[in-house]
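Only one structure is covered here, and it is reproduced in the block below.
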Amino acid sequence: VVVFSYGGCPYCRKVTRGFEAEGIKYREVDYDDMDDGEAVRREIAARHKQRSVPAVFVKGKFVGGCNDGPESWMGALKLLSNGGLREMLGSKL
6 VVVFSYGGCP
16 YCRKVTRGFE
26 AEGIKYREVD
36 YDDMDDGEAV
46 RREIAARHKQ
56 RSVPAVFVKG
66 KFVGGCNDGP
76 ESWMGALKLL
86 SNGGLREMLG
96 SKL
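To convert, take the position in the sequence shown, counting from 1, and add 5; that gives the numbering used here.
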């Protein structure tokens with residue numbers, strides 16, 4: 006699980022805290038810590054049709070932001086609460 010975020014983003018914190026509470030291992034990548042962070046953010050937005058942060062990926066698949074995404078099933082916290090994230094990870098954490 007990879008979370009692209011900004012340090013001061015409250016939705017990013019909600020996602021990472023949710024993952025931590027459920028024992029989900031993740032890697033957080035802060036756009037501000039990248040030399041080309043804005044370019045990476047624009048590429049993710051263009052490719053996945055979502056501009057907000059966080060941008061969450063599970064096994065390389067874009068799953069949306071905190072609560073939403075361009076498709077109705079998307080949203081990291083939604084997937085966490087409905088078991089979809091565990092299913093994607095192939096684990097019964």
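For every residue, glycine included, the Cβ atom is placed at its ideal position computed from N, Cα and C. Just so you know, these numbers come straight off a predicted model, no measurement behind them.
Outcome for residue i when other beta-carbon atoms lying within 10 angstroms are tallied against a minimum of 16
i   : result
L98 : Interpretation of L98 is limited by its pLDDT of 44, a score under 50 that renders its predicted location unreliable; no figure is taken from the coordinates.
M39 : exposed
G80 : buried
S10 : buried
G69 : buried
For residue i, the residue or residues it bridges with in DSSP
i   : result
K57 : Looking at the sequence itself, residue 57 is Ser, so the reference to Lys does not match. Bridge partners of S57: none, in fact.
R32 : V7
K66 : V63
Any C-beta of chain C under 8 Å from that of residue i
i   : result
P75 : Although the question refers to chain C, the structure presented lacks it and comprises just one protein chain.
Nearest-angstrom beta carbon gap, residue j and residue i [assumed within contact, 8 Å]
i   : j   : result
M12 : D37 : The question names Met, yet the displayed sequence has Gly at residue 12. Their Cβ separation, rounded to whole angstroms, is 6 Å, which keeps G12 and D37 in contact under 8 Å.
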